[in-house]
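Heads up, the sequence shown is in my numbering, so the first residue is 5 and it goes up one at a time. As structure tokens, the structure follows; a few thoughts come after it.
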Amino acid sequence: MFNKKREDSIVAASCIIIMLLIFRYVPRHKMREAHVSFLFQQIMTWFFGLLVVEKGLIKYPYRTFFKKSNKTSFAFEFFIYPAITILFNLYYPEKRSYISKTIYVFSYSGVITLIETFTEKYTDLIEYKNWNRYWSFISLSCTYYVSRLYYRWFFSKD
């Protein structure tokens, strides 16, 4: 049986923390960039999130939002992860070395993968079927990288 109160509290706290981070760390003059990052990441997570759920790789046994219309975690796929991508793109170390950029991407991916691993182990919010944390790390890193490429293309001065 699901511990509904605990799962709802985790989702609510995650959403509140992300909103506070966005309000705190997204400057007013960067709102356009934030919107583009958020919406582009939503496109990717919508596609890939549905793909892994429909293929039976990941299951979300308890969902807070849209329980009957969507098998993915709406909170993570459509709000939390795209919102984190805003911070990823706005604070990306563009003028640093390739190694610094790689560490930056892997740091973001690693932290989310670590949190997801604990969430999978101790809650009913996510369940790996034919999936593991390495796939999460790789997919997060790839989507961050693609998001960055799109961001650079969209805001190029040419």
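Backbone N, C-alpha and C define an ideal beta-carbon position, used for all residues, glycine too. What you are looking at is a predicted structure, and each value in this text was computed from that prediction instead of being measured.
Residue 63 (DSSP reduced to helix, strand or coil): strand
Give me the Cα-Cα distance between residue 112 and residue 72, rounded to the nearest whole angstrom. 31 Å
With contact counted as at least three CB pairs below 8 Å, one residue from each stretch, are the stretch 63-77 and the stretch 26-35 in contact? no
Determine the direct distance from the alpha carbon of residue 116 to that of residue 147, and round the result to whole angstroms. 13 Å
Considering only the alpha carbon of each residue, which of 84, 16, 127 lies closest to residue 41? 84
Where does residue 35 land, buried or exposed, given buried means 16+ other C-beta within 10 angstroms? exposed
Going by the DSSP bridge assignment, what does residue 132 pair with across the sheet? 62
Looking at residue 11 and residue 66, is the spacing between their C-beta atoms short of 7 Å? yes
Check residue 18 in the structure and name its three-state DSSP category. helix
Provide the residue span of the alpha helix (DSSP H) that contains residue 86, from first to last. 85-94
So residue 140 packs on residue 120, CB below 8 Å; how close in whole Å? 6 Å
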